[in-house]
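Asker: Residue numbers (our numbering), protein chains in the order written: chain S, 2 to 376; chain W, 10 to 146.
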Amino acid sequence: MDIQSTFASQTPFQDNIVAVILQVLWLAFFALYMFYGQKIQVKIMLKEIEASLFRLKMMRNRGREITISTIKSISKNGDDPTERIDRLLEHVYIPPVNLDPSGIIRRLEHLINVRDFKFKEEVKMMIPDADDAQINNLTNMIEAATALNQIYKTVRHYFLIGKKTSSFYIILQLQMILPQIMMETKAYARALVAFKNGQPIGDGIGPLIAARLMRGSELYEIADDTVIGRVPMEGRVAYVLKAKGPGGNVGKPGEAIRQLLEEKEGEISRIIIIDAAQKFEGEKPGEVIEGTGVAIGGPGVDKYKVEEVATKYKIPLSAILIKEGIGDVVSTMRKEIADSVNDAIDRIKRIIRETTKEGDSIIIAGIGNTIGIAQ
Amino acid sequence: MSKSSGDLRRTQIYFVLMIIVLVLLSFITLLQVFRTYEKKGYVDYLSLALSISALTLSAYLILQMRMKPQKTGFEPPEVFTIIRCPKCGFEATRKFKEGDYILKEAEQCPKCKEPTFIYMIFRKTDEEEKKRERHDL
Numbered sequence: 002m003d004i005q006s007t008f009a010s011q012t013p014f015q016d017n018i019v020a021v022i023l024q025v026l027w028l029a030f031f032a033l034y035m036f037y038g039q040k041i042q043v044k045i046m047l048k049e050i051e052a053s054l055f056r057l058k059m060m061r062n063r064g065r066e067i068t069i070s071t072i073k074s075i076s077k078n079g080d081d082p083t084e085r086i087d088r089l090l091e092h093v094y095i096p097p098v099n100l101d102p103s104g105i106i107r108r109l110e111h112l113i114n115v116r117d118f119k120f121k122e123e124v125k126m127m128i129p130d131a132d133d134a135q136i137n138n139l140t141n142m143i144e145a146a147t148a149l150n151q152i153y154k155t156v157r158h159y160f161l162i163g164k165k166t167s168s169f170y171i172i173l174q175l176q177m178i179l180p181q182i183m184m185e186t187k188a189y190a191r192a193l194v195a196f197k198n199g200q201p202i203g204d205g206i207g208p209l210i211a212a213r214l215m216r217g218s219e220l221y222e223i224a225d226d227t228v229i230g231r232v233p234m235e236g237r238v239a240y241v242l243k244a245k246g247p248g249g250n251v252g253k254p255g256e257a258i259r260q261l262l263e264e265k266e267g268e269i270s271r272i273i274i275i276d277a278a279q280k281f282e283g284e285k286p287g288e289v290i291e292g293t294g295v296a297i298g299g300p301g302v303d304k305y306k307v308e309e310v311a312t313k314y315k316i317p318l319s320a321i322l323i324k325e326g327i328g329d330v331v332s333t334m335r336k337e338i339a340d341s342v343n344d345a346i347d348r349i350k351r352i353i354r355e356t357t358k359e360g361d362s363i364i365i366a367g368i369g370n371t372i373g374i375a376q
Numbered sequence: 010m011s012k013s014s015g016d017l018r019r020t021q022i023y024f025v026l027m028i029i030v031l032v033l034l035s036f037i038t039l040l041q042v043f044r045t046y047e048k049k050g051y052v053d054y055l056s057l058a059l060s061i062s063a064l065t066l067s068a069y070l071i072l073q074m075r076m077k078p079q080k081t082g083f084e085p086p087e088v089f090t091i092i093r094c095p096k097c098g099f100e101a102t103r104k105f106k107e108g109d110y111i112l113k114e115a116e117q118c119p120k121c122k123e124p125t126f127i128y129m130i131f132r133k134t135d136e137e138e139k140k141r142e143r144h145d146l
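The structure is reproduced here in structure tokens:
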């Protein structure tokens with residue numbers, strides 16, 4: 002019997018029953034969707050967020066475990082650091098009041114210094130015989146673990162609020178931003194691994210270029226954790242500065258540039274700042290571009306100081322930027338970024354030749370975290 | 010850690026058992042559909058649809074189980090160290106060792122016996138990352 006005759010053999014009653022069942026099913030589906038469509042959608046979204054939240058929790062716990070085990074492995078006194086680490090993971094930074102913006106940079110700098118000092122002191126208490134590089138690396142590691150904890154808690158907060166209120170819009174906003182949050186969390190997890198092993202990270206491209214330029218010259222510490230060297234370059238004198246490595250550290254480039262300019266009474270022809278910059282999707286990682294202005298990220302204290310002093314002495318500012326994705330900035334430096342060093346140095350030399358005269362003095366600052374990069 | 014891996018294995022066994030039962034039931038149902046067709050001459054569409062759905066679900070579950078677990082970021086990347094001799098320019102790449110940092114004095118140069126230094130440390134970009142970045146626009 003072929004298919005056509007099979008269909009023909011179905012009775013009219015059977016056909017009718019199937020059609021009725023289908024119609025009832027469609028009507029039921031329509032009614033269900035009309036009255037409960039949004040609720041079903043909310044349930045689906047909550048399930049998706051819950052899955053991501055579970056992943057965030059797992060990452061937070063893994064970050065905490067790695068931090069504790071690393072400190073235990075370095076520490077010689079045998080004390081259990083768990084309680085102290087748990088306390089640090091919950092540590093919050095309260096930014097200065099901005100209702101009266103006057104003097105906010107000074108207050109911001111003070112609070113950042115106090116926070117940094119506190120973290121370093123806590124690490125010293127856990128590992129009294131650790132050297133500076135170890136203290137800096139472990140401080141960075143704890144900061145990455147703290148960030149993982151804060152992200153997890155914030156997402157959990159909005160998830161539970163959304164669940165409690167069944168608010169479609171709270172849940173929708175959280176679901177929309179979740180891919181970005183997951184990407185950032187993964188970057189922090191990678192950072193934690195890099196800090197644990199003391200490997201250079203993408204953000205270290207500025208200090209890496211500065212280290213290449215200042216290699217072999219006499220160095221001295223100009224500001225806290227910031228070194229400077231006098232380097233002859235293209236018939237000019239270049240004052241090259243970077244954070245003091247190889248421990249994880251960003252130094253005080255703003256203060257260093259300010260001090261140097263005050264010392265030289267503004268006798269500087271140009272300031273060239275090298276830093277990593279966030280790339281747009283579609284751009285190649287490690288692409289070198291040029292700009293004008295102070296290319297210093299972070300809370301803004303260093304940027305402010307350089308802008309202030311450069312304006313005071315009317316010194317032109319150039320920026321060399323190395324493009325990096327959000328995941329590359331804090332993870333171990335990828336090859337494409339490391340390969341951009343020579344291109345950046347060629348551009349620095351070209352800018353010097355084109356915009357300054359022989360015998361002039363210039364400042365070259367490599368901005369970023371110098372973990373795994375000495376000088 | 011061992012508790013969680015044990016839980017994972019148990020979950021996988023449950024999944025496999027569920028898939029086996031689903032596939033078996035689907036085949037029995039399919040067999041029934043063919044027998045009914047042979048004996049009575051009509052197709053039991055409901056059973057046919059159910060068995061095909063169950064087979065599809067089993068295939069989906071197998072695919073899900075075979076999928077690689079998503080990376081969390083804690084996986085140690087492949088990191089390399091380039092050492093260079095400042096005198097003769099000899100260059101060699103080796104795996105990153107704990108304690109390596111850029112500009113650190115490294116082992117003796119095999120060519121001129123001068124001390125070398127760590128020129129570069131980098132991680133190898135994985136293919137998945139490169140694939141994500143590739144575009145024609």
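Cβ coordinates follow ideal geometry from the N, Cα and C atoms, glycine included.
Note that the structure is predicted; figures quoted are calculated from it, not measured.
Give the single residue among 160(S), 190(S), 202(S) whose Cα lies nearest to the Cα of residue 63(S).
Answerer: 190(S)
Asker: Starting from residue 286(S) and walking both ways along the beta strand (DSSP E), at which residues does that stretch end?
Answerer: Residue 286(S) -> no beta strand (DSSP E), and no H or E assigned at all.
Asker: So with CB distances below 8 Å, who are the chain W contacts of residue 198(S)?
Answerer: 85, 88, 105, 107
Asker: Using only CA atoms, which one of 133(W), 114(W), 120(W) lies nearest to residue 247(S)?
Answerer: 114(W)
Asker: Any residues in the stretch 56 to 87 of chain W with a beta carbon nearer than 7 Å to a beta carbon of chain S? Which ones, in chain order?
Answerer: 81, 82, 83, 85, 86
Asker: Report yes or no: do the stretch 232 to 243 of chain S and the stretch 354 to 374 of chain S share at least 3 C-beta pairs separated by less than 8 Å?
Answerer: yes
Asker: Drop a sphere of 10 angstroms on the beta-carbon of residue 60(S), count the other beta-carbons inside from all chains shown, and report buried for 16 or more, exposed for fewer.
Answerer: buried
Asker: Determine the extent of the beta strand (DSSP E) in which residue 100(W) is found, giving its start and end residues.
Answerer: It spans 100 to 104 - the beta strand (DSSP E) in which residue 100(W) sits, taken as one unbroken run.
Asker: Just to make sure I have the definition right: I need the residues of chain W whose C-beta is within less than 7 Å of the C-beta of residue 333(S). Which are they?
Answerer: Neighbours of residue 333(S) on chain W, chain order: 86, 88, 132.
Asker: Consult DSSP for residue 282(S) and reduce its assignment to one of helix, strand or coil.
Answerer: In this structure, residue 282(S) counts as coil in the three-state DSSP scheme.
Asker: Touching or not, the stretch 135 to 150 of chain S and the stretch 158 to 169 of chain S, by the rule of three or more beta carbon pairs under 8 Å?
Answerer: no
Asker: Excluding sequence positions up to five away, which residues of its chain have a Cβ less than 6 Å from the Cβ of residue 114(S)?
Answerer: none
Asker: Can at least three beta-carbon pairs, one atom from the stretch 200 to 208 of chain S and one from the stretch 221 to 239 of chain S, be found at a separation below 8 Å?
Answerer: no
Asker: Can you name the start and end residues of the beta strand (DSSP E) that residue 199(S) belongs to?
Answerer: Premise fails: residue 199(S) is in no beta strand (DSSP E) and is neither H nor E.
Asker: Measuring CB atoms only, is the stretch 145 to 160 of chain S touching the stretch 267 to 281 of chain S, in the sense that at least three cross pairs come out at less than 8 Å?
Answerer: no
Asker: Around the Cβ of residue 108(W), are there at least 16 other Cβ atoms within 10 angstroms (buried) or fewer (exposed)?
Answerer: That one is exposed.
Asker: Are three or more beta carbon pairs between the stretch 179 to 188 of chain S and the stretch 51 to 70 of chain W nearer than 8 Å?
Answerer: Contact between the stretch 179 to 188 of chain S and the stretch 51 to 70 of chain W is absent: fewer than 3 CB-CB pairs across the two stretches fall below 8 Å.
Asker: Using the three-state DSSP reduction, which class does residue 131(W) fall into: helix, strand or coil?
Answerer: strand
Asker: With 16 other CB atoms within 10 Å as the buried threshold, where does residue 141(W) fall?
Answerer: exposed
Asker: Given that residue 249(S) touches chain W, what residues does it touch there, using C-beta distances under 9 Å?
Answerer: Per Cβ cutoff of 9 Å: no residues; residue 249(S) is ~11 Å from chain W at best.
Asker: Hey, is residue 111(W)'s beta-carbon within less than 8 Å of any beta-carbon in chain S?
Answerer: yes
Asker: Under 8 Å, Cβ to Cβ, is there at least one residue of chain S near residue 11(W)?
Answerer: Residue confidence is low: residue 11(W) scores 45 on pLDDT, short of 50, so the model does not pin down where it sits. Its coordinate-derived value is still stated next. No, residue 11(W) does not count as interfacial toward chain S.
Asker: Relative to chain W, which residues along the stretch 83 to 94 of chain S have a C-beta separation below 9 Å, given in chain order?
Answerer: Result list empty, no residue passes.
Asker: Taking its Cβ as the centre, do 16 or more other Cβ atoms sit within 10 Å of residue 27(W), making it buried, or is it exposed?
Answerer: By the neighbour-count criterion, in which a residue is buried when 16 or more other Cβ atoms sit within 10 angstroms of its Cβ, residue 27(W) is exposed.
Asker: Is DSSP giving residue 126(W) helix, strand or coil here?
Answerer: When secondary structure is reduced to three states using DSSP, residue 126(W) falls in the strand class.
Asker: When you check each C-beta in the stretch 207 to 228 of chain S against every C-beta of chain W, which residues fall closer than 7 Å?
Answerer: 209, 212, 216
Asker: When you compare only the Cα positions, how much space is there between residue 234(S) and residue 336(S)?
Answerer: 27 Å
Asker: On a Cα-Cα basis, can you pick out the residue from 186(S), 110(S), 119(S) that is closest to residue 146(S)?
Answerer: 186(S)
Asker: Please confirm whether residue 146(W) has its beta-carbon closer than 8 Å to some beta-carbon of chain S.
Answerer: Interface residue, yes.
Asker: So if DSSP puts residue 233(S) in a beta bridge, which residue, or which two residues, is it bridged to?
Answerer: Looking at the DSSP assignment, residue 233(S) forms a beta bridge with 238(S).
Asker: Starting from the C-beta of residue 286(S), find all residues in its chain whose C-beta is less than 7 Å away, skip the five residues before and the five after it, and write them out in chain order.
Answerer: Result list for residue 286(S): 280, 324, 325, 326, 329, 335, 337, 338, in chain order.
Asker: Name the DSSP bridge partner or partners of residue 114(W)?
Answerer: Answer is 126(W).
Asker: Going along chain W, which residues have a C-beta under 8 Å from residue 187(S)?
Answerer: Ordered by position in chain W, the residues that pass the 8 Å Cβ test against residue 187(S) are 80, 81, 82.
Asker: Excluding the 5 residues preceding and the 5 following residue 11(W) in the sequence, name in chain order all residues of the same chain whose CB lies nearer than 7 Å to its CB.
Answerer: Low per-residue confidence applies at residue 11(W): pLDDT is 45, beneath 50, and the placement is therefore not dependable, though the value from the model is reported in the following sentence. Same-chain partners within the cutoff: there are none.
Asker: Along the chain, where does the alpha helix (DSSP H) containing residue 302(S) start, and where does it finish?
Answerer: 302 to 314
Asker: Return the CA-CA distance between residue 90(W) and residue 142(S), expressed in angstroms with no decimal places.
Answerer: Near 22 Å, if we compare the C-alpha coordinates of residue 142(S) and residue 90(W).
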